[in-house]
Amino acid sequence: METERNDRVGSAAGEVVRGFSSPGRPAWAIWAERAWEVLIRLCGVSAVIFVLAIFVFVFREAAPVLFSGRVRLGEFLTSVEWYPTSAVKVRYGALALIVGSFSVTLVAMVLAVPFGLGAAIFVSEFCSRKVRETLKIVIELLAAIPSVVWGFVGLTVISPLLVKYAGAPIGVNLLNGGLILALMSVPIIVSIGEDALKAVPDSYREAALALGATRWQVVWRVLLPAARNGLLAAVLLGVGRAVGETMAVLMATGHAVQIPHGLLDSVRTLTANIAAELGEAPTGSDHYRVLFLMGVLLFLITFAVNLAADLIVRGIRRR
Amino acid sequence: MMGRTGMSGGGQRRVQAGWAFFCLTAGLLGWAGCGPSASGPAVGPVKVIQNKGSDTMVNLAQAWAEAYRKVRPDVSVEVSGGGSGVGIAALMRGAVDIANSSRDLKPKELEEARAVTGKEVRVFVVGFDALAVYVHPSNPLEEITLEQLEEIYAEGGRITRWSDLGVQMPHPRYDRIIRVSRQSSSGTYEFFRERALRNRDFKLGSNDMNGSKEVVELVAATPGAIGYSGMGYATDRVKMLRVARKAGEPAYAPTLENTVTRRYPIARSLLMCVLGEPAGEVKAYLDWIRSDAGQRLVEENGFVPIPPSERTTSHGN
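In structure tokens:
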């Protein structure tokens, strides 16, 4: 035992010494290194493979209905008549659902962006270390709340408040969904926005203060322009969360197929509609395929948002 | 779970897990009918009956399963919801032994079952349900006709405000009728469409809830709302309307008596479906459900039990 161990230590030391002069490296070490390299390369490329695979799968499920002649893409995009299980005349018009998704996201962003960026600025620039640590912990906790709990809050807390104080005919509506999504997006906007502000070098702040700028002038004229890319990324990630959220909006928006005429009307989003109907649409039926077509649409929307963000960020960087 | 201790318990559990895995594989291969039913070879002491379907019946089915555990500790009934259509589809796949349905089976479904499995679907009436029409307690309306329901809910229907029905709401902002409905895959949705809308489509813009209870809760929270749901889901925070077939005919409240006598217009049977003639434990379970003991639970869950003359004689308890 004892001698064996000594031998092993001795030989290991010898390998290290020989390892420096590369021709003497043992074959297994070289192979192991190559294997690791390939593995890491695979990890890197896998994201691309997964995204492509998901798109191909979703599109493959949706495609037959596009070429079947029973569902026209034009009608799908421009008609509000969503009657997937009609006994008289089946119609697949998704316009109301598309408008629903966009309107809820818009309301959420109108509420969340000022709050989120304001909170990010406060946490990063204005508060003491102790307050900052507490705030950050609480905000991160907010981000960890499951979406079904948010939906429950919308249904049981916000809904009666809207009926009582906002005079809403019904408590589950566009405003309720927007509020819940805003609450869900704010933590993301705050954490990423704060990181962006923290990434601005202290020398900028010191230079501005030395020139006699007030704290507000430092924030408005120096920090916000300098951190613009990061802040935009924060907002767009918030948008991404809001567009893709399903469970909370399913519970809080009232799930009604209509184009909203005001903040207090109920709406239905694409995501909520897929969640509510896909489980019971017979596999391979037109209804099932149209729901996958909605998935393709959602995929394209998020792709467009990300692409736009990327282009904007690049444009800013070039200037 | 089985009240046994030591090595034997663990061993049995392992055997059961193996059996479950076998059945799963068999099911995937499309061997319909080889579910974990009692008619299969008996392995392990606890026999599992899989029961799935109607959301309307899920609470009742759960209550039956729990009560049956006391009657027959060696049989375990696993209940899940999903909708009547989902249950029937699962029955055809061989994934469940009994499908619950709160609507009659469509001829297409019966045909498909015959084509896929080579067996007839046997349907048992296990109770009745009346769909109550709910409004907020502050709504002065007391009764409604099927024609009015159609005008309120159906596509192109002209009634959009409570004042159209001659009802003065306590506050003018509640005058617009908020239509609460169900998701389009639910048996309740199809049943209401068939009975009240004469199969016309629903007006767009209704709030489509994903459960019977959610409908009642939303109506309770919304002064201008009207909704339909099983009468078993009534609470003291909503009001049930009396329903008449036509204007001028008497309106009936959704009560046990009015349902069994079929005077109440929006009533239906609750069904349990099996593939082929039921045998073994599945048959014993269905017999128990249709006995006095099982029917007591129907009443306790707010549904209407089958008349005593159609019950099976109770045995096993």
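Chains as they are written, first to last, in the working numbering: chain A, 1 to 319; chain B, 1001 to 1317. Positions of the beta carbon are idealized from the N, C-alpha and C atoms, including for glycine.
Per-residue contacts from residue i into chain A (C-beta, under 8 Å)
| i | result |
| --- | --- |
| Arg1176 of chain B | Pro169 |
| Met1209 of chain B | His255 |
| Arg1193 of chain B | Ala87 |
| Gly1321 of chain B | A query on residue 1321 of chain B cannot be resolved here, the shown segment of chain B reaching from 1001 to 1317 and no further. |
Neighbouring residues, chain A, relative to residue i (Cβ below 7 Å)
| i | result |
| --- | --- |
| Gly1085 of chain B | Glu280 |
| Ala1221 of chain B | Ser159, Pro160, Val163, Gly171 |
| Arg1200 of chain B | Val88 |
| Arg1173 of chain B | Gly167, Pro169 |
Inter-residue Cα distance where the pair is residue i and residue j
| i | j | result |
| --- | --- | --- |
| Ala62 of chain A | Leu291 of chain A | 8 Å |
| Ala182 of chain A | Trp82 of chain A | 28 Å |
| Ser21 of chain A | Arg41 of chain A | Unreliable placement is indicated for Ser21 of chain A, whose pLDDT of 49 sits below 50; no coordinate value is reported for it. |
| Thr214 of chain A | Gly151 of chain A | 42 Å |
| Phe1021 of chain B | Ala1065 of chain B | Low confidence applies to Phe1021 of chain B: its pLDDT is 48, below 50, so where it sits in the model is not reliable, and the reading given next is rough at best. The straight-line gap from Cα to Cα measures roughly 23 Å. |
| Ala196 of chain A | Ala309 of chain A | 15 Å |
| Leu1165 of chain B | Arg1195 of chain B | 20 Å |
| Ile1306 of chain B | Thr246 of chain A | 41 Å |
| Glu1120 of chain B | Thr1312 of chain B | 22 Å |
| Asn173 of chain A | Val267 of chain A | 6 Å |
| Trp1288 of chain B | Asn1059 of chain B | 17 Å |
| Thr269 of chain A | Ser46 of chain A | 31 Å |
| Trp31 of chain A | Leu39 of chain A | 12 Å |
| Arg1093 of chain B | Val1125 of chain B | 22 Å |
| Gly93 of chain A | Phe303 of chain A | 22 Å |
| Ile145 of chain A | Leu135 of chain A | 16 Å |
| Ala281 of chain A | Asn1210 of chain B | 15 Å |
| Ser1269 of chain B | Ile49 of chain A | 51 Å |
Amino acids of chain B, ordered along the chain, whose beta-carbon sits closer than 8 Å to that of residue i
| i | result |
| --- | --- |
| Gln258 of chain A | Leu1204, Gly1205 |
| Val80 of chain A | Leu1204 |
| Ser101 of chain A | Here the premise fails: no neighbours, minimum Cβ distance about 16 Å. |
Cut-off 6 Å between Cβ atoms - residues of its own chain near residue i, not counting five sequence neighbours on either side
| i | result |
| --- | --- |
| Arg1103 of chain B | Ser1084, Gly1187, Glu1190, Phe1191 |
| Asn273 of chain A | Leu97 |
Under 8 Å between C-beta atoms of residue i and residue j
| i | j | result |
| --- | --- | --- |
| Lys1047 of chain B | Val1075 of chain B | yes |
| Val979 of chain B | Val1219 of chain B | The first residue shown for chain B is 1001 and the last is 1317, placing residue 979 of chain B beyond what the model contains. |
| Leu236 of chain A | Val305 of chain A | yes |
| Val123 of chain A | Arg132 of chain A | yes |
| Phe299 of chain A | Phe55 of chain A | yes |
| Ala275 of chain A | Leu250 of chain A | yes |
| Tyr1134 of chain B | Val1216 of chain B | yes |
| Ala1267 of chain B | Thr1255 of chain B | no |
| Gly154 of chain A | Ala248 of chain A | yes |
| Trp1127 of chain B | Met1231 of chain B | Looking at the sequence provided, one finds Gly at residue 1127 of chain B rather than Trp. Going by C-beta atoms, Gly1127 of chain B is not nearer than 8 Å to Met1231 of chain B. |
| Ser1309 of chain B | Pro1223 of chain B | no |
| Leu175 of chain A | Val107 of chain A | yes |
| Ser1184 of chain B | Glu277 of chain A | yes |
| Ala208 of chain A | Val200 of chain A | no |
| Val1180 of chain B | Ser1206 of chain B | yes |
| Ala120 of chain A | Val222 of chain A | no |
| Glu1151 of chain B | Arg1161 of chain B | no |
| Phe1202 of chain B | Glu1155 of chain B | yes |
| Ala1225 of chain B | His1171 of chain B | no |
| Ile170 of chain A | Ala252 of chain A | no |
| Val110 of chain A | Gly295 of chain A | no |
| Gly238 of chain A | Ile188 of chain A | yes |
| Gly116 of chain A | Gly193 of chain A | yes |
| Leu1197 of chain B | Tyr1153 of chain B | yes |
| Asp202 of chain A | Val71 of chain A | no |
Beta-carbon proximity list for residue i, same chain, < 7 Å, skipping 5 on both sides
| i | result |
| --- | --- |
| Asp1080 of chain B | The question names Asp, but residue 1080 of chain B in the sequence shown is Ser. Excluding sequence neighbours, Ser1080 of chain B sits near Lys1052. |
| Val1274 of chain B | Asp1097, Ile1098, Arg1122, Val1282 |
| Ala1251 of chain B | Glu1143, Arg1242, Val1243, Ala1244 |
| Lys1106 of chain B | none |
| Ile137 of chain A | none |
| Ile301 of chain A | Val243 |
Chain B residues whose Cβ lies nearer than 9 Å to that of residue i
| i | result |
| --- | --- |
| Glu277 of chain A | Gln1183, Ser1184, Ser1185 |
Residue i: contacting residues in chain B (beta-carbon distance under 7 Å)
| i | result |
| --- | --- |
| Tyr83 of chain A | Asp1201 |
| Ser266 of chain A | Asn1207 |
Chain-ordered chain A contacts of residue i [CB-CB under 9 Å]
| i | result |
| --- | --- |
| Val1225 of chain B | The displayed chain sequence assigns Ala, not Val, to residue 1225 of chain B. Ordered by position in chain A, the residues that pass the 9 Å Cβ test against Ala1225 of chain B are Pro169, Ile170. |
Sequence-distant residues of its chain with Cβ nearer than 8 Å to residue i (five each side left out)
| i | result |
| --- | --- |
| Pro1265 of chain B | Leu1146, Arg1195, Val1243, Ala1244, Arg1245, Tyr1252 |
| Leu297 of chain A | Ala94, Ile98, Leu270 |
| Ala1032 of chain B | Low local confidence applies: a pLDDT of 41 at Ala1032 of chain B is under 50, so the model's placement there is unreliable, with the coordinate-based value given in what follows. These residues qualify, in order along the chain: Met1092, Arg1093, Gly1094, Val1116, Thr1117, Leu1275. |
Open item on the list: Does the segment 53 to 62 of chain A come into contact with the segment 286 to 301 of chain A, if we say contact requires no fewer than three beta-carbon pairs (one atom in each stretch) closer than 8 Å?
Closed with: Counting Cβ pairs under 8 Å, three or more are found: they touch.
Task: Sufficient close CB pairs (3 or more, under 8 Å) joining the segment 253 to 263 of chain A to the segment 220 to 239 of chain A - done: no
Open item on the list: Using a Cβ distance threshold of 8 Å, determine whether the segment 1100 to 1119 of chain B contacts the segment 1259 to 1275 of chain B, with at least three qualifying pairs required.
Closed with: yes
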